[in-house]
Every structure is written in structure tokens, then in C-alpha cells.
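Since the structure comes first, as C-alpha cells, the remarks are kept for the end.
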Amino acid sequence: MLPLQLLRQQMDAVLSQVETGTLKIDSILSLSDLDEASSVLYACKLIEVVPGIGKVKARHLLAKMNVSETEQTGNLTLDQRNKLVQLIATEVIAS
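What follows is the structure, given as C-alpha cells:
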């Protein structure tokens, strides 16, 4: 287990990379075994930083799947994560 400060830095780095587009959310969510920093991120926070999504759409997508806003990505099943990737791709294309 990583020290808390290091874990937070890694979580911020993941969010920043997703926000700038250097790391695609599908490459995070499609992994069957997430790294520690990605697995403890709230799914809502991870989705809302995707370019073209934002807070409202992120919450709407999670509600569509009956997933809590406070659910950590590591607690989602692989099927749920794959479905999220599909929904996010659809939303980004529609934007």
C-alpha cells in the first residue's frame, strides 16, 4: 500500500493526464486489474475530467447505470467499466 501523500499525487497525475488527453479513460477502465491510484478514484471524478463530459454528464452516465457517484473505480465490475467506456465514447462523439 502506498503512503497517502504519494497515492494522492498519483491520483492527481492520472486525473491530469485524462483531462489533457494524454491518457485515455478507456485505457484505464478496460484494464482487468487497475493500479492502486486508479482503483481508489471516484468513478464520477474520473469521468468528469474527460474532455467533453463535465460534471453533469458524468453524473447522468453513472445514474443511467445505477452506479453511485461515490463508487470507486476499483469497485466496478469489468462489465460496468466496459459499459462506461461505451457510454463515454457515445457522449464525447455527440458533443
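Numbering (our numbering), first residue to last: 5 to 99. Just so you know, even glycine gets a beta-carbon here, dropped at the ideal spot from N, CA and C. None of the values given here were measured: they were computed from a predicted structure.
query                                                                                          : result
Residue burial classification, S31 (beta-carbon count within 10 angstroms, cutoff 16)          : exposed
Sufficient close CB pairs (3 or more, under 8 Å) joining the region 61–68 to the region 31–43  : no
Environment of M69 [buried if 16+ CB atoms lie within 10 Å]                                    : exposed
Length at least 4, wholly inside the region 8–83: the alpha helix (DSSP H) runs in chain order : 8–24, 29–33, 40–43, 47–52 and 58–68
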